[in-house]
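Heads up: the sequence shown begins at 1 in UniProt numbering, then just goes up one per residue. No residue lacks a Cβ here, since even glycine has one placed at the ideal position from N, Cα and C.
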Amino acid sequence: MTAVLAGRLNVRTRAFSVEEVPTPRPGPGEVLVKVEAAGVCLSDAHLIDGTLTPLHLPGDTVTLGHEVAGVVAEPGAGVTRWRPGQRVLLQAGEERGGVVWTRGVDYDGGWAEYAVAGESTLVELPDDLPFEQAAIIPDAVSTPWAAITATARAEPARPAGVWGAGGLGVHAVQLLRIVGAAPVVAVDPLPDARERALALGADVALSPGDPELPALVRAETGGAGLAVAFDFAGVPAAREQAVACLDRGGKLVLVGLTDQPLTIADGTAFSYFQQQVLGHYGSADEHVGQLVELVRRHRLELSRSVGGVLPLAEAQEAVDRLLRKEGNPVRLILRP
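Pasting the structure below:
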């Protein structure tokens, strides 16, 4: 093997192409992984369109893909834990010199036939977990899980709302049920997304365009409002609407990314009711490990999250399909 396919982005020109690159080699403490599945995330699309820019990338070009699962192909020097043939997923990033680098952003990711990963960033997979489902656990599932358990500290039998029931938000609905939040309210402008949220465990699904939405949320919660509201949409109007639905002491957790300012329409009421706004980004290694264990124990099921599988050569089509919301997919998967 002298050359393999990889989806490469020039972050200076924003030119993206699937092209042949030299086969990567694992260095000391690294593992070469044969990629079996890689998720297509909206942040990948935003890297291509210029909305996002890497912070630590040493050059101009990077292989995209931070949601990756595959098989160990070759352990590097000094690696004793991993052996060829083991089924693994890759953490979405790693710490280097006290700074967190993101795979597929700051260094080469998994839109490729092979990927190199630090040995500590591999997580072993159960034999019965398909690669397509495993690949999306880092980020698509782990980000909402970390937001729910670490940032919001959502509690059993306490109301929770999810604004944006797409790639991350629909998993938040499932995960809120796991921690016992009740009721779980999903808010999304797309009828298909609302139906999917109900199918995956939301107690009620509402349109943000409904002028009665805050009243409907309070009726569903016995007049109190939400203990926690999650913004997975990154839309200022969604954030303002979510604040209007909070209970006394309620928390708004910002997960969806936007460069737009955050505004609180009634600052006096926000302070009087001792409400909070909390920022959230990504997840830690332990969150991915927890989710793999939940899947292993059949507490979490992700088959409905895979909206389609495309060959790596059609990566641009997968991005375009995601942006068009064609078929309303939770996640599209690339298969080298």
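In terms of DSSP beta bridges, what is residue i paired with?
i, result
"Ser271", "Its beta-bridge partners do not exist; DSSP assigns none."
"Phe16", "Leu9"
"Trp163", "Val187 and Asp231"
"Tyr281", "None; Tyr281 has no bridge partner."
"Gly39", "Ile333"
"Ala117", "Val31"
"Gln276", "Lys251"
"Ala265", "In DSSP, Ala265 forms no bridge with anything."
"Ala3", "Pro22"
"Leu310", "Leu334"
"Thr61", "Asn10"
Where does residue i land, buried or exposed, given buried means 16+ other C-beta within 10 angstroms?
i, result
"Gly267", "exposed"
"Val255", "buried"
"Gly327", "exposed"
"Leu55", "exposed"
"Glu212", "exposed"
"Tyr281", "exposed"
"Glu301", "exposed"
"Tyr272", "exposed"
"His171", "buried"
"Glu20", "exposed"
"Lys325", "exposed"
"Val99", "exposed"
"Pro75", "buried"
"Ala15", "exposed"
Mind reading off the beta-carbon distance from residue i to residue j? Whole number of angstroms is fine, and I expect it under 8 Å.
i, j, result
"Ala38", "Gly65", "4 Å"
"Pro336", "Leu226", "Not quite, the Cβ-Cβ distance comes to about 42 Å (not below 8 Å), so this is no contact."
"Val184", "Leu176", "5 Å"
"Trp163", "Asp108", "About 34 Å; that fails the 8 Å criterion."
"Leu334", "Leu310", "6 Å"
"Leu9", "Thr61", "7 Å"
"Val68", "Gly85", "So it is not a contact: roughly 17 Å between Cβ atoms."
In chain order, which continuous runs of the beta strand (DSSP E) of length 3 or greater are located wholly inside the region 85-110? 87-90, 93-96 and 99-102
Whole alpha helix (DSSP H) runs in the region 191-235 with 4 or more residues, listed along the chain? 191-199 and 213-220
Within 8 Å, do at least three Cβ pairs link the region 128-144 to the region 297-317? yes
Cβ pair count under 8 Å reaching 3, the region 210-223 against the region 191-199: no
Would the region 116-125 and the region 83-96 be scored as touching if the rule is three or more Cβ pairs under 8 Å? yes
Contact between the region 18-37 and the region 141-148 is defined here as three or more beta-carbon pairs at a separation below 8 Å; is this criterion met? no
Can you confirm whether the region 17-28 touches the region 46-53 when touching is taken to mean that 3 or more C-beta pairs between the two stretches lie within less than 8 Å? no
Run through the region 135-181 for me and flag every whole beta strand (DSSP E) of 3 or more residues, listed as ranges in chain order. 160-163
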